[in-house]
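Note that the numbering used here gives residue 156 to position 156 of the sequence shown, counting from 1, and the numbers run on in steps of one.
No residue lacks a Cβ here, since even glycine has one placed at the ideal position from N, Cα and C.
Below: one structure, written as structure tokens.
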Amino acid sequence: MAGVARQSYDATYGRLPGRRPGMNVSAMGVLSKYLTAGASAGAAALAMLTVAGMPDTIAAREFRAADIQEETYPTVQALLLMDRLVAERTGGRHRIRVFHSRQLGEESQTIEQTRVGAIDLNRINVAAIGDVAPTLNILAQPFLFRSIDHLYKVIDGSVGDDILAAIEPNGFIGLTFYDSGARSIYTRSPPVRGLPDLKGLRIRVQQSDLVIRMMKALGAEPVAMPYGQVMTALSAQLVDGAENNWPSFVTTGHYKVAQYYSVTEHTMGPEVLVMSRRAWQELSDADRTIFRAAARDSSRYMREQWQSWEEQSRKQAAEAGVTIIGNLDRKPFEDATRSLRDEMRADPRFGRLIERIRAVQ
Ligand code: GTR
Numbered sequence: 001m002a003g004v005a006r007q008s009y010d011a012t013y014g015r016l017p018g019r020r021p022g023m024n025v026s027a028m029g030v031l032s033k034y035l036t037a038g039a040s041a042g043a044a045a046l047a048m049l050t051v052a053g054m055p056d057t058i059a060a061r062e063f064r065a066a067d068i069q070e071e072t073y074p075t076v077q078a079l080l081l082m083d084r085l086v087a088e089r090t091g092g093r094h095r096i097r098v099f100h101s102r103q104l105g106e107e108s109q110t111i112e113q114t115r116v117g118a119i120d121l122n123r124i125n126v127a128a129i130g131d132v133a134p135t136l137n138i139l140a141q142p143f144l145f146r147s148i149d150h151l152y153k154v155i156d157g158s159v160g161d162d163i164l165a166a167i168e169p170n171g172f173i174g175l176t177f178y179d180s181g182a183r184s185i186y187t188r189s190p191p192v193r194g195l196p197d198l199k200g201l202r203i204r205v206q207q208s209d210l211v212i213r214m215m216k217a218l219g220a221e222p223v224a225m226p227y228g229q230v231m232t233a234l235s236a237q238l239v240d241g242a243e244n245n246w247p248s249f250v251t252t253g254h255y256k257v258a259q260y261y262s263v264t265e266h267t268m269g270p271e272v273l274v275m276s277r278r279a280w281q282e283l284s285d286a287d288r289t290i291f292r293a294a295a296r297d298s299s300r301y302m303r304e305q306w307q308s309w310e311e312q313s314r315k316q317a318a319e320a321g322v323t324i325i326g327n328l329d330r331k332p333f334e335d336a337t338r339s340l341r342d343e344m345r346a347d348p349r350f351g352r353l354i355e356r357i358r359a360v361q
């Protein structure tokens, strides 16, 4: 079976996953693991086609994938790996072209384009898509997970699968989750050392009803705006701060202007990879299996490196003079947002799933 033409890969599709310092701790070794595994999965998929007597003439296709993060960001690297896996496992019939750095628009625009089928694949944060695929808001709730381990057990298990499946009526096929760590609040000034310090501060949030309400519940004034505008807003002092995970705080450059990072870890909402229903309908059953498996493999690959990304970003921020407020009492933050969680639990669409999440040990 024809493999990916590796030499021309960089020219056509951009950087290979694993090349960037920090990302490539053991990436090339990890990569070959996935690619080797892929060869047999691809062969198996082709065999399935033959067994089922289906024509093997399913059109070759280039799928457009969106990710607003920049090229070196872990999720973009994961999508680039997914392209290689899909190419290898379909004998080069299908490719994924990754449009990173908001080339296809801001997150809310890409979500709409994915819903109508103009974008085929989209890597989005669960909070950002929660307004149109409400089940994903479950995972974006403040103080839902006890730890990152708890989150992993949930998204890797049957609840995760059920949440991915639940968004199909909203026009999306949920393929996999990606790491996003925990989000914390950072400010230009004043430093947030406890809940009272947040009072009245203008904090940029994602364009999400849930997150807007969460920030209000914390006593701040939420300012919802697209990711691509936050740096300007911080620099021009239109907002006092924002909130995000370590790698986003650093890759966006926000750490250069917002020099207080308060470890509130108020949400651990992961990233999600969705496919448009339209693109999904074009895939044969065998190709669907390949896409799902490649998505999950790319997510495992990314997870193997996520922690080192977080650590390196944290270190880079500290070296650049960021004050890390790590000893803040999170209990008042949790208490202030309790009514949001209670409301979601009482919602018949979400109550059972939330109970299952809480029961995961
Ligand atoms: C990042 C996430 C993006 C986007 C961004 C934001 O952590 O990866 O998809 O949601 O946060 O704050 O807008």
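Exercise. Is there contact here, the region 283 to 300 with the region 68 to 85, by at least three beta-carbon pairs under 8 Å?
Worked result: Yes, the region 283 to 300 touches the region 68 to 85.
Exercise. Near the ligand GTR, which residues have their beta-carbon less than 6 Å from any of its heavy atoms, given in chain order?
Worked result: That query returns the following residues: I68, Q69, E107, I124, N125, A128, S180, Q206, Y227, N244, N245, S248, E271.
For this session: Report back the beta-carbon spacing between H273 and L121 to the nearest angstrom; my notes put them in contact at under 8 Å.
Result: Correcting the residue identity first, residue 273 is Leu in this sequence and not His. A Cβ-Cβ distance of about 7 Å is found for the pair L273 and L121, placing them in contact under the 8 Å criterion.
Problem set entry | 7 Å CB neighbourhood of S313 in its chain, flanking five on each side removed | Answer for S313: W246, P247, F249, V250, listed in chain order.
Problem set entry | Reduced DSSP secondary structure (H/G/I, E/B, other) of E106 | Under the three-state reduction of DSSP, E106 is assigned to coil, being neither helix nor strand.
Exercise. If you scan the region 203 to 261 from start to end, which runs of the beta strand (DSSP E) of 3 or more residues do you find wholly inside it?
Worked result: Restricted to the region 203 to 261, the beta strand (DSSP E) segments that are unbroken, complete and at least 3 residues in length are 221 to 224, 241 to 244, listed in chain order.
Exercise. Which word fits R84, buried or exposed, when buried means at least 16 other C-beta atoms lie within 10 angstroms of its C-beta?
Worked result: Sixteen is the threshold: when 16 or more other Cβ atoms of the shown chains lie within 10 Å of the Cβ of R84, as they do, the residue is buried.
Problem set entry | Bridge partners - L273, DSSP secondary structure assignment | DSSP lists R123, T176 as partners of L273.
Exercise. So which of K315, A286, V116, A359 has the shortest CA-CA distance to G91?
Worked result: Scanning K315, A286, V116, A359 for the CA closest to the CA of G91 turns up A286.
Exercise. What does a CB cutoff of less than 6 Å around G171 pick up in its chain, not counting 5 residues either side in sequence?
Worked result: For G171, same chain residues with a beta-carbon under 6 Å away, outside a window of 5 residues either side, are R115, R277 in chain order.
Problem set entry | Collapsed DSSP secondary structure at Y73 in the structure displayed | In the structure shown, Y73 sits in coil (DSSP, three-state: anything other than H, G, I, E or B).
Exercise. For I185, which of helix, strand or coil comes out of DSSP?
Worked result: DSSP places I185 in the strand class (E or B) of the three-state scheme.
For this session: Would you give the residue range spanned by the beta strand (DSSP E) that V98 belongs to?
Result: According to the DSSP assignment, V98 belongs to the beta strand (DSSP E) that extends over 94 to 99.
Exercise. Who are E62's beta bridge partners in DSSP?
Worked result: Bridge partners of E62: R95.
For this session: Label E319 either buried or exposed according to how many other C-beta atoms from any shown protein chain fall within 10 Å of its C-beta, with 16 as the threshold for buried.
Result: Exposed.
Exercise. For G130, does the count of other Cβ atoms within 10 angstroms reach 16, so buried, or fall short, so exposed?
Worked result: Here G130 is buried. Its C-beta has 16 or more other C-beta atoms within 10 Å.
For this session: Thinking V322 and Y261 are a contact (beta carbons under 8 Å), I'd like their distance in whole angstroms, please.
Result: Between V322 and Y261 a beta carbon distance of about 5 Å is seen, short of the 8 Å cut, so the two are scored as contacting.
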